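Participant: Oh and the sequence shown: position 418 is 418 in the UniProt record's numbering, straight run, nothing missing.
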Amino acid sequence: MEEKKFDVQSLIGFLLIGGILLWMLYNNTPTEEELEAEQNTEQVEIPENTDANEPPARTEATEIQDSTAMAQARERLGPFGYSAGLASASDESTTFSNDVLELKIENKGGSISEARMLNFKTYDSIPVYLIKDGNASFNLNFTTTDGRVLDTQNLYFEPEVSQNGDNKVLSMKLKVSETEFLEYRYVLKPGEYMLDFSIRSQGLNRVLNPNQDINLDWKLKGYRHAKSISYENRYTELSYEYDDGADDYLGQGDFTDDEEENITYVAFKQHFFTSILLTDTPFKRGKFTSENLVQDEEVDTVYTKAFTASLPLELNGGELNYNMNWYYGPTDYKILNDYDRNLDEIVPLGWGIFGWINQHIFIPFFSFLSGVLPSYGIAIIVMTIVVRIVLSPVTYKSYLSQAKMKVLRPEINELNEKYKDNAMKKQQETMKLYSKAGASPMSGCLPALMQIPVFYALFQFFPSAFQLRQKGFLWADDLSSYDTIAQLPFTIPFYGDHVSLFPILASIAIFIYMMMTTGQSMAQAQQPGMPNMKFIMYLSPLLMLFFFNNYASGLSLYYFTSNLITIGIMLVIKYVIIDEDKIHDKIQENKKKPKKQNRFTKKMQEMMEQAEQQQKQKGKK
């Protein structure tokens with residue numbers, strides 16, 4: 001074991017440190033005069049004739065204390081400590097508005113703390129607020145040349161209100177001096193939901209660190225505005241535009257995020273109302289998140305989703321200079337489309353041909369009908385009637401194909417029985433029969449497929465039609481939300497705590513329609529591998545009943561009317577237009593005529609014959 005030696009250098013070090021500590025303690029001990037002055041500063045007496053609720057009179061001691069606190073604030077904020085000494089360094093706000101929008105901008109942070117729609121109410125008749133009570137924040141995070149990391153939401157701006165023609169202008173300046181500042185400039189125009197917004201700096205090239213990013217952070221929790229928070233939440237999402245016109249959105253999961261480059265706008269859409277930040281100078285990148293706040297709609301009744309956007313700002317010559325816009329207003333296709341900024345993509349009208357049908361057919365047509373008819377409910381019915389009449393030739397083709405197949409069914413059954421042990425031969429003979437008779441099972445499917453784009457486009461159109469919001473029809477007080485004929489004392493899973501009549505009527509109409517179209521199929525023996533049509537016939541209306549109970553009553557009204565009209569058209573076709581005896585005679589005539597096969601049919605038959613020959617050869621072996 002090594003013997004421990006005495007370390008002289010360590011002893012000298014400990015003695016030096018102890019001496020320094022004793023010296024510092026002695027010099028920092030307050031004198032009797034200093035203790036007396038401190039006691040006088042802390043004990044500020046309230047005069048006897050003063051109300052205890054009133055602030056105490058300022059004394060020389062309190063002024064010294066405030067001056068000390070201000071000096072400390074200036075020291076902490078560095079160059080921006082100048083703003084801390086201005087009269088605007090208080091929790092006050094400036095309110096300015098036009099005839100559609102009212103905004104409140106706080107001195108602290110210089111950003112919008114309230115955004116109220118003046119012409120709209122929520123489902124329970126209170127004003128629609130997109131921003132209120134701290135549900136949103138807007139902040140610039142930056143580093144100064146002396147290493148301080150500051151957030152504008154904690155700093156005080158100086159407001160200055162002016163008028164530029166009919167436009168109201170609010171300048172919010174975060175000052176380093178009278179000639180050096182960071183400015184937020186708001187310009188509100190009459191009758192506009194869109195306001196000009198700019199961020200610029202002057203003389204801050206010596207203050208802002210050019211080697212550190214300036215991050216713009218925008219956050220918002222969407223308020224509930226509709227009767228069904230789950231239905232509203234389904235159409236609440238974050239959208240953004242990037243790469244010169246491409247657009248995308250975050251999904252509906254509990255938490256989703258994404259990152260893109262060259263961002264030109266970010267939209268926090270709350271179904272029928274939207275908050276949008278647009279920029280003329282694209283942000284070089286953007287990070288976005290969306291969090292679902294409705295886990296239990298019985299408990300989570302205030303907010304729908306929480307959105308965040310993080311966007312870096314770039315210095316130009318050491319200064320900031322961004323011309324932007326804020327939009328706080330309805331998610332109305334016409335209003336957004338009129339700005340010609342690709343904002344119509346925020347309205348979920350469907351992709352590809354579905355969106356094209358909505359944009360160029362249904363939206364203009366419905367706007368015309370709602371302008372000339374006495375109610376929006378009647379406009380929905382009239383538009384549905386017109387759509388069904390336009391599609392009636394397709395319905396006729398589909399039903400005619402079903403009638404032909406019905407006439408051929410006895411012969412097909414004979415072939416099935418004759419070649420029940422030879423599937424290949426049965427298929428060949430069936431195709432020959434179809435070819436001679438001029439019929440095809442696919443001819444009934446193709447017309448149905450042609451109607452899918454129209455049906456899907458309308459499925460997207462009605463939930464997105466802002467015009468239907470809070471417009472009543474018959475027993476429904478709001479066509480953009482569910483109708484209620486009975487309130488349940490309990491909640492049924494996937495159904496809700498109420499009974500809506502329009503979904504019930506739509507389900508009954510669908511059941512009758514499916515009885516008419518699938519009755520023939522159910523009468524036949526169930527083919528192996530084919531779906532159970534009877535099960536589908538009962539399941540589909542039941543699913544619709546549950547699915548649409550919390551959906552917009554306008555959509556259920558459309559489906560009820562559409563299926564009712566389709567049933568009527570099919571009855572007319574069946575009993576007035578189509579004569580099955582004539583179809584039978586026509587098929588028999590076609591069978592006697594030599595039928596020239598097209599190349600596809602001929603090729604298919606040759607392939608089947610080759611397969612049959614190969615099968616025979618294998619059987620001989």
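The C-beta atom is built at its ideal place from N, Cα and C for all residues, glycine as well.
Keep in mind it's a predicted model, so treat the numbers as computed, not measured.
#1: Does S521 come out as helix, strand or coil in the three-state DSSP assignment?
#2: According to DSSP, is W356 part of a helix, a strand, or is it coil?
#3: Measure how close the beta-carbons of G377 and F473 come, nearest whole angstrom, since I'm counting them as under 8 angstroms.
#4: Let me confirm a value: D133 is counted as buried when at least 16 other C-beta atoms fall within 10 Å, else exposed. Which label applies?
#5: Could you give the distance in angstroms between the alpha-carbon of Y193 and the alpha-carbon of G568?
#6: Could you tell me whether the stretch 352-364 touches the stretch 277-293, where touching means 3 or more Cβ pairs closer than 8 angstroms?
#7: Starting from Y129 and walking both ways along the alpha helix (DSSP H), at which residues does that stretch end?
#8: Does DSSP classify V149 as helix, strand or coil?
#9: Using DSSP's beta-bridge definition, name the partner residues of residue 644.
#10: Let's see if you can read the secondary structure: which residues bound the beta strand (DSSP E) around N292?
#11: At which residues does the alpha helix (DSSP H) containing A379 begin and terminate?
#12: Using only CA atoms, which one of W356, L216 and T95 lies nearest to P159?
#13: Tell me which residues share the same chain as G350 and place their Cβ nearer than 7 angstroms to its Cβ, disregarding the 5 neighbours each side in the sequence.
#14: Return the Cβ separation of Y265 and R341 in integer angstroms, given the expectation that the two are a contact with Cβ distance under 8 angstroms.
#15: Do F272 and F466 have their beta-carbon atoms positioned less than 8 angstroms apart in this structure?
#16: Using only the alpha-carbon positions, how far apart do G516 and E414 sit?
#17: Which residue marks the beginning of the alpha helix (DSSP H) containing F366, and which one marks its end?
#18: Tell me where the alpha helix (DSSP H) around S553 begins and ends.
#19: Give the DSSP bridge partners of E259, in chain order.
#20: Output the boundary residues of the beta strand (DSSP E) element that contains E231.
#21: Under 8 angstroms Cβ to Cβ from W23, same chain only, skipping five residues before and after it: list those, please.
#22: I263: which of S398, T384, Y242 and K269 sits nearest, CA to CA?
#23: Of the choices L170, Q470, N164 and K305, whose alpha-carbon is the least far from that of F268?
#24: Please report the straight-line C-alpha distance between L278 and M544, rounded to a whole angstrom.
#25: Take every Cβ of the stretch 182-197, pair it with every Cβ of the stretch 234-250, and state whether three or more of those distances are shorter than 8 angstroms.
#26: What's the C-alpha gap between L557 and R469?
Facilitator: Considering the structure as presented:
#1: In this prediction, S521 scores a pLDDT of 48, lower than 50, which makes its location untrustworthy; the coordinate-derived value is nonetheless stated afterwards. Shown here, S521 sits in a helix according to DSSP, grouped into three states.
#2: Helix.
#3: Taking 8 angstroms as the upper bound for CB-CB distance, G377 and F473 are in contact here, some 3 angstroms apart.
#4: D133 should be labelled exposed.
#5: So the alpha carbons of these two residues sit roughly 46 angstroms apart.
#6: In short, these stretches do not touch, since the Cβ pair count stays below three.
#7: First-last for Y129: P127 to I131, but that is the beta strand (DSSP E), not the alpha helix (DSSP H).
#8: Here V149 carries a strand assignment [DSSP, helix/strand/coil].
#9: Outside the displayed range of the chain (1 to 621) lies residue 644, so it cannot be described from this structure.
#10: From DSSP, the beta strand (DSSP E) with N292 extends over F273 to N292.
#11: Y376 to V390 is the span of the alpha helix (DSSP H), which, as asked, contains A379.
#12: Scanning W356, L216 and T95 for the CA closest to the CA of P159 turns up T95.
#13: Taken in chain order, the residues that qualify are N358, Y456, A457 and Q460.
#14: Between R341 and Y265 the Cβ distance is about 7 angstroms, and since that is below 8 angstroms, they are a contact.
#15: With contacts defined by Cβ atoms closer than 8 angstroms, F466 and F272 form a contacting pair.
#16: The sequence shown places Met at residue 516, not Gly. Looking at the two C-alpha atoms, the distance is approximately 25 angstroms.
#17: Residues I363 to V372.
#18: Residues S553 to V572.
#19: Partner(s): K287.
#20: The sequence as given places Tyr at residue 231; Glu does not occur at that position. It is not in any beta strand (DSSP E) - Y231 instead sits in the alpha helix (DSSP H) that spans I229 to R234.
#21: Because W23 sits at a pLDDT of 49, beneath the cut-off of 50, its placement in the model cannot be relied upon, and the point is left open.
#22: Of S398, T384, Y242 and K269, the residue nearest in Cα terms is Y242.
#23: It is K305.
#24: Linking L278 to M544 through their CA atoms gives a straight-line distance of about 40 angstroms.
#25: Flag = no, the stretch 182-197 and the stretch 234-250 do not touch.
#26: Cα to Cα, L557 sits roughly 15 angstroms from R469.
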